[in-house]
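Here is the structure we will look at.
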Amino acid sequence: MDKNQVAQALEEVATLLQLKKDASPFEVRAYENAARTISALDDDIERLVKEGRLKGIPGLGPTITRRIEELVTSGRLSFLEELRAATPSIKLELLRIQGLGPRRINAIVDQLHIASLEDLERACKEDRVAALPGFGKKTQEKILQGLAFLAEHGHRYLYPVAEAEGLRMREALASRPEIVRVQVAGSLRRRRETVKDIDIVASVADDADSAIRQRVMNFFTGQPGVRQIVSKGETRSSIILASGIQMDLRLVTDRQFPYALHHFTGAKEHHIPLRRRALSMNMTINEYGLFRGKEPDLELVPCKDEVEFYAALGLAYIEPELREDMGEIEAAERGELPTLVEERDLRGVLHVHSVWSDGKNTIRELAEACCERGLSYLGITDHSQSVGYANGLSVENLQRQWEEIDRLNAEFAGRLVILKGTECDILKDGSLDYPDEVLARFDFVIASIHSHFTLSPQEQTERMLRAIANPYVTIIGHPTGRLLLERPGYTLDIEAVIEAAARHGVFIEINASPQRLDLDWRYVRKARDRGILIPIDPDAHSIAGLADMHYGVGIARKGWLSAADVLNTRPLEELVALLQRRKASR
DNA sequence: GCCGTTTTCGGCCCGACTGTTTTCAGTCG
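Just so you know, the first sequence maps onto residues 1 to 586 in full-length UniProt numbering.
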């Protein structure tokens, strides 16, 4: 049993507890805190339990410690099983409806005997929900809308979709004379791989009156492409766009802007320890400011931006991407935060498909595009022979492709170097799709899985480990195979993959395609900690796909990578030397 | 359920908006 399974069980306890009628919100929070504590552990959970070292970890008291010990030693948690047995699954489903929380769910399910979403819809249409005490017509209407929304858009959105909407609205608001500062916040600013909604923070002059605020809010809710106005006030309004994504605007005075921007950037998990820290320094934080002292003698600690905000708390500036409660506050306190990699640090690209397999552009077109982007090397990695659907290259065609690359390298000399690579399939048994004597002739080899996704976790892990042990493999491509919002990755032991890659000197890519963003940023940091260099690879199938590097850089930053941790920030000579060293170590 | 250089009891991060209420509960982020 690993710590993630333990954390998941504790989170499930928290979710089920809040659906109990007499639930204490603080008990719920205790389990949520414990889940976070566990998932942030560096030590092996089984060893901690065996050695009795759970005690003393802040956030784990006697009860939760006992429950974790039961779970880890027996593989079961009787408390969780009792909660599951006592909680109708419909209550969990109803939690996904906007505007329905535990209290109302309990009222609905227990008093109206609702057992399915269809039951709830019928009860609304028959006005039985509105008749419940504390409910009314409008609440009932909101529930119906929530049901419809869940059916249509019960999912999250990929980063690029949300980014485009967010930037468009920011531009529109920035053009208004009432607006002083405006910024996209929320999970979008933190560059999460998917987002549920878009948060925008804007400021008006400190002396702006109610009429000015209303003008801004009218402008916001009156934008083209607004499908529905969810709520509208003078400090907060919420709309649903034609794409189905929800967008919130928070309006503050310009003096409040840095605090509000910080507040709405989140993550909530980052704020909780930060506020605790503030309290211990005799300060409090809310979205309108950082205050010293206690009510009613609060004194604003002036900050003109977030840098000063963190400084007032005795911390180095924490980049938005890092605000996930993953140890960033402790690192900021010690001044050990990394300088994060930026797009302009990239010197070349290593994972690009051409018309030789399933790409849309010729190598020459791709090379020109790389020159325009100021890159100095391009690794061409078409698919290998067994990938029929993607027009994988036979050994004969490889020979012809290499001749073309040689000609182009002569032509582009002094501007760009084209490297001979391959995205070689890892076959079912972990062997590679070209024989060793062919693999030996590439400048580098990306090995990826594109088939047999349903092997058992053990088989899938062994398959990957065998590929990593192959002395010709340079980079592991999209290591989990996930497609965001479509399918989970193949089940394998990613920690074992990282460990093996570190041992064999194999690089693991961040696949920058916004549907993949694989390796996940949570593991990027672990790979970095094991000394693995990470290439940021566009997996481009066209010139336009080269721009996906932008998303890969976001994930690299979330994974705490500095330029030195990224393979393709290296100048050509250094990259070639690294690839040759790999070859020589065989 | 956890925690303690004020506390072993009484706190626990904080505020906006909505709707059903006549002062506040529920939900959300």
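Just so you know, even glycine gets a beta-carbon here, dropped at the ideal spot from N, CA and C. Keep in mind the model is a prediction, meaning the values are calculated, not measured.
**Prompt:** Are the Cβ atoms of Arg525 and Trp560 separated by less than 8 angstroms?
**Reply:** Within the first sequence, the letter at position 525 stands for residue 525. Within the first sequence, the letter at position 560 stands for residue 560. The answer is yes: Cβ separation under 8 angstroms.
**Request:** Return the first residue and the last residue of the alpha helix (DSSP H) that Met1 is part of.
**Result:** As a position in the first sequence, residue 1 is number 1, starting the count at 1. Looking at the DSSP string, Met1 is not in any alpha helix (DSSP H), and its letter there is neither H nor E.
**Prompt:** Per DSSP, Met283 forms a beta bridge with which residues?
**Reply:** By one-based count along the first sequence, residue 283 stands at place 283. In DSSP, Met283 forms a bridge with Arg292.
**Asked** Alpha carbon to alpha carbon, how far is Ile380 from Ile114?
**Response** For this step, residue 380 is matched to residue 380 along the first sequence. For this step, residue 114 is matched to residue 114 along the first sequence. So the two alpha carbons sit approximately 57 angstroms from each other.
**Item:** 6 angstroms Cβ shell around Glu545 - same chain, five flanking residues per side excluded
**Value:** As a first step, residue 545 is located in the first sequence; it is residue number 545 there, counting from the start. One detail in the question is off: residue 545 reads as Gly in this sequence, not Glu. Result list for Gly545: Pro538, in chain order.
**Request:** Return the residue from the list Leu19, Phe79, Asp429 and Gly146 that minimises the CA-CA distance to Ile105.
**Result:** Within the first sequence, the letter at position 105 stands for residue 105. Considering only alpha carbons, the answer is Leu19.
**Item:** Runs of alpha helix (DSSP H) lying entirely within the stretch 75-122, each at least 4 residues, in chain order
**Value:** 78-86, 89-94 and 102-112
**Asked** Quick one: Cα of Gly222 to Cα of Asp209, how far?
**Response** Taking the first residue of the first sequence as position 1, residue 222 is located at position 222. Taking the first residue of the first sequence as position 1, residue 209 is located at position 209. If you take the alpha carbons of Gly222 and Asp209, they lie about 20 angstroms apart.
**Item:** Segments of 4+ residues assigned as alpha helix (DSSP H) that fall wholly inside the stretch 471-531
**Value:** Here the runs fully enclosed are 494-504 and 521-529.
**Asked** When DSSP labels each residue in this structure, what does Gly348 get in the three-state scheme?
**Response** The residue you call residue 348 lines up with position 348 of the first sequence. Three-state result, Gly348: strand.
**Span of the alpha helix (DSSP H) around Lys21** = Here the question's residue 21 lines up with position 21 in the first sequence. Looking at the DSSP string, Lys21 is not in any alpha helix (DSSP H), and its letter there is neither H nor E.
**Request:** Give the straight-line distance between the Cα atoms of Ala447 and Arg192, rounded to the nearest whole angstrom.
**Result:** Against the first sequence, residue 447 aligns to sequence position 447. Against the first sequence, residue 192 aligns to sequence position 192. Cα to Cα, Ala447 sits roughly 26 angstroms from Arg192.
**Whether Val184 touches Ile198 by CB criterion (8 angstroms)** = The sequence position of residue 184 within the first sequence is 184, counting from 1. The sequence position of residue 198 within the first sequence is 198, counting from 1. Cβ distance < 8 angstroms, so Val184 and Ile198 count as in contact.
**Asked** For Val72, which residues of its own chain have a beta-carbon under 8 angstroms away from its beta-carbon, when the five flanking residues on both sides are left out?
**Response** For the purposes of this step, residue 72 is taken as residue 72 along the first sequence, with counting starting at 1. Counting only Cβ-Cβ distances below 8 angstroms, and skipping sequence neighbours, we find Met1, Val6, Ile45, Glu46 and Val49.
**Asked** Are Asn282 and Arg292 touching if we call contact CB-CB under 8 angstroms?
**Response** Translated into positions along the first sequence, residue 282 becomes position 282. Translated into positions along the first sequence, residue 292 becomes position 292. Cβ distance < 8 angstroms, so Asn282 and Arg292 count as in contact.
**Request:** Report all residues from its chain with a CB closer than 7 angstroms to the CB of Thr339; omit the five preceding and five following residues, and keep chain order.
**Result:** Numbered from its first residue, the first sequence carries residue 339 at position 339. Within the same chain, Thr339 has close Cβ partners Ser562.
**Message:** Given a cut-off of 8 angstroms on the beta-carbon distance, is the pair Asp425 and His452 in contact?
**Reply:** As a working mapping, residue 425 is identified with position 425 in the first sequence. As a working mapping, residue 452 is identified with position 452 in the first sequence. In terms of Cβ geometry, Asp425 and His452 do not form a close pair [threshold 8 angstroms].
**Prompt:** If we ignore side chains and look at the alpha-carbon of each, how far apart do Leu80 and Glu12 end up?
**Reply:** Within the first sequence, numbered from 1, the residue matching residue 80 stands at position 80. Within the first sequence, numbered from 1, the residue matching residue 12 stands at position 12. Those two C-alpha atoms are separated by around 8 angstroms.
**Message:** Just to check my reading of the structure: Leu378 and Arg347 have Cβ atoms closer than 8 angstroms, yes? What is that Cβ distance to the nearest angstrom?
**Reply:** Here residue 378 corresponds to residue number 378 of the first sequence, with the count starting at 1. Here residue 347 corresponds to residue number 347 of the first sequence, with the count starting at 1. No, Leu378 and Arg347 are not in contact; Cβ-Cβ is about 11 angstroms, not under 8 angstroms.
**Request:** Please say whether Ile285 and Ala278 have beta carbons closer to each other than 8 angstroms?
**Result:** Locating residue 278 in the first sequence gives position 278, counting from the first residue. Locating residue 285 in the first sequence gives position 285, counting from the first residue. Yes. Within cutoff.
**Request:** With DSSP collapsed to three states, give me the class of Val576.
**Result:** For the purposes of this step, residue 576 is identified with residue 576 of the first sequence, where counting begins at 1. In the structure shown, Val576 sits in a helix (DSSP, three-state: H, G or I).
**Asked** On the three-state DSSP scale, how would you describe Leu546?
**Response** To locate residue 546, count along the first sequence from 1; it is residue 546. DSSP, reduced to helix, strand and coil, places Leu546 within a helical segment of the structure shown.
**Message:** Going by beta-carbon coordinates alone, are Ile200 and Leu249 separated by less than 8 angstroms?
**Reply:** Residue numbering aside, residue 200 sits at position 200 when the first sequence is read from its first letter. Residue numbering aside, residue 249 sits at position 249 when the first sequence is read from its first letter. Yes, the pair counts as a contact, with Cβ atoms nearer than the cut-off.
**Prompt:** Leu251 bridges to which residues according to DSSP?
**Reply:** Translated into the one-based positions of the first sequence, residue 251 becomes position 251. Answer is Ala202, bridged to Leu251.
**Message:** Under DSSP, the beta strand (DSSP E) around Ser187 begins and ends at which residues?
**Reply:** Locating residue 187 in the first sequence gives position 187, counting from the first residue. Unbroken run through Ser187 is the alpha helix (DSSP H), Gly186 to Arg189; no beta strand (DSSP E).
**Request:** State buried or exposed for Gln460, treating a residue as buried only when at least 16 other CB atoms are found within 10 Å of its CB.
**Result:** The residue labelled residue 460 in the question sits at position 460 within the first sequence. The residue is buried, with at least 16 neighbouring Cβ atoms inside 10 Å.
**Prompt:** Using DSSP with H/G/I as helix, E/B as strand and the rest coil, what is Asp207?
**Reply:** Locating residue 207 in the first sequence gives position 207, where the first residue counts as 1. In this structure, Asp207 counts as coil in the three-state DSSP scheme.
**Prompt:** Where in the stretch 390-462 do unbroken runs of the alpha helix (DSSP H), each at least 4 residues long, occur, reported from the N-terminal end onward?
**Reply:** 395-411 and 436-439
**Request:** Check each candidate in His353, Leu241, Ser237 and Ile245 and name the one with the smallest Cα separation from Leu251.
**Result:** Along the first sequence, one-based indexing puts residue 251 at 251. Of the listed residues, the one whose Cα sits closest to Leu251 is Ser237.
**Item:** Candidates Gly186, Gly421 and Gly61, of which the one nearest Phe264 by Cα
**Value:** As a working note, residue 264 is residue 264 in the first sequence. The shortest C-alpha separation from Phe264 is found at Gly186.
**Asked** Which same chain residues, not among the five before or five after residue 639, have their C-beta less than 7 angstroms away from its C-beta?
**Response** Here the chain has residues from 1 to 586 only, and residue 639 is not among them.
**Message:** For Gly481 and Tyr490, I'd like the C-alpha separation in whole angstroms.
**Reply:** Mapped onto the first sequence, residue 481 falls at position 481. Mapped onto the first sequence, residue 490 falls at position 490. Computed Cα separation, rounded: 6 angstroms.
**Ser39, DSSP secondary structure in three states** = Position 39 of the first sequence, counted from the first residue, corresponds to residue 39. Of the three classes helix, strand and coil, the one that applies to Ser39 here is helix, per DSSP.
**Contacting residues, own chain, Cβ-Cβ under 8 angstroms from Tyr310 (five flanking each side not counted)** = As a first step, residue 310 is located in the first sequence; it is residue number 310 there, counting from the start. Within the same chain, and ignoring the five residues on either side of Tyr310 in sequence, the residues whose Cβ sits closer than 8 angstroms to its Cβ are Ala316, Tyr317, Ile318 and Ala332.
**Limits of the unbroken alpha helix (DSSP H) element including Gly146** = In the first sequence, counting from the first residue as 1, residue 146 sits at position 146. Unbroken alpha helix (DSSP H) run through Gly146: Lys137 to His153.
**Request:** Provide the residue(s) that pair with Gly379 in DSSP beta bridges, ordered along the chain.
**Result:** Taking the first sequence and counting its residues from 1, the one referred to as residue 379 is at position 379. In the DSSP output, where bridge partners are listed per residue, Gly379 has Leu419.
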